[in-house]
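Visitor: Could you have a look at this structure, given as structure tokens, before my questions?
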Ligand code: 5GP
Ligand code: ZN
């Protein structure tokens with residue numbers, strides 16, 4: 009069924025507590041944890057508990073959870089105190105854009121000067 013945990017998915021395993029992660033926030037629908045290879049002083053991943061391959065697929069299937077994810081990204085930024093200095097929310101989508109884990113996730117990056125991308 010759509011959204012069900014996938015046996016071979018790293019982030020489903022983090023949601024299930026089968027792989028450890030440094031969790032910074034949790035809600036009924038989302039988990040936020042530090043990226044294992046941080047690209048900025050604040051680099052937190054916010055993921056839905058349900059499994060969808062990317063952010064757009066999540067939004068199409070479960071828009072309320074997608075909204076939770078985006079709101080949580082903002083809460084993480086506030087908790088990490090990068091909301092005042094500025095932060096970036098990134099959804100790499102597809103291998104050509106650098107996506108390596110095919111469970112929807114938002115990167116929350118901040119704490120350093122972030123060059124304008126677009
Ligand atoms: P993507 O490249 O798919 O947009 O992002 C996947 C992110 O997951 C990468 O930034 C990578 O560093 C992070 N990552 C990969 N494996 C692990 C892990 O086992 N634990 C944590 N906390 N992050 C991971
Ligand atoms: Zn998954």
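Numbering (our numbering), first residue to last: 9 to 126.
Note that beta-carbon positions come from the ideal geometry of N, C-alpha and C, so glycine has one too.
Measuring CB to CB, does residue 63 end up less than 8 Å from residue 101?
Guide: Here residue 63 refers to the residue found at position 55 of the chain shown. Here residue 101 refers to the residue found at position 93 of the chain shown. Against a cut-off of 8 Å, the Cβ pair of residue 101 and residue 63 comes out as a contact.
Visitor: Rounded to a whole number of angstroms, what is the C-alpha to C-alpha distance between residue 98 and residue 53?
Guide: Locating residue 98 in the chain shown gives position 90, where the first residue counts as 1. Locating residue 53 in the chain shown gives position 45, where the first residue counts as 1. Roughly 9 Å separates the two Cα atoms.
Visitor: Check whether the Cβ of residue 41 sits closer than 7 Å to any heavy atom of ligand 2, and report yes or no.
Guide: Locating residue 41 in the chain shown gives position 33, where the first residue counts as 1. It does not: the Cβ of residue 41 is nowhere closer than 7 Å to a heavy atom of ligand 2.
Visitor: Mapping DSSP to helix, strand and coil, what is residue 57?
Guide: Start at 1 with the first residue of the chain shown, and residue 57 comes out as number 49. Reduced to three states, the DSSP call for residue 57 is coil.
Visitor: Check each residue's C-beta against every heavy atom of ligand 2 and list, in chain order, those closer than 6 Å.
Guide: Taking each Cβ in turn, the ones that pass are 14, 17, 19, 20, 59 and 111.
Visitor: Does residue 121 pass the burial test, meaning 16 or more other C-beta atoms within 10 Å, or should it be called exposed?
Guide: Walking along the chain shown from the start, residue 121 turns up at place 113. With fewer than 16 Cβ atoms within 10 Å of its Cβ, residue 121 is classed as exposed.
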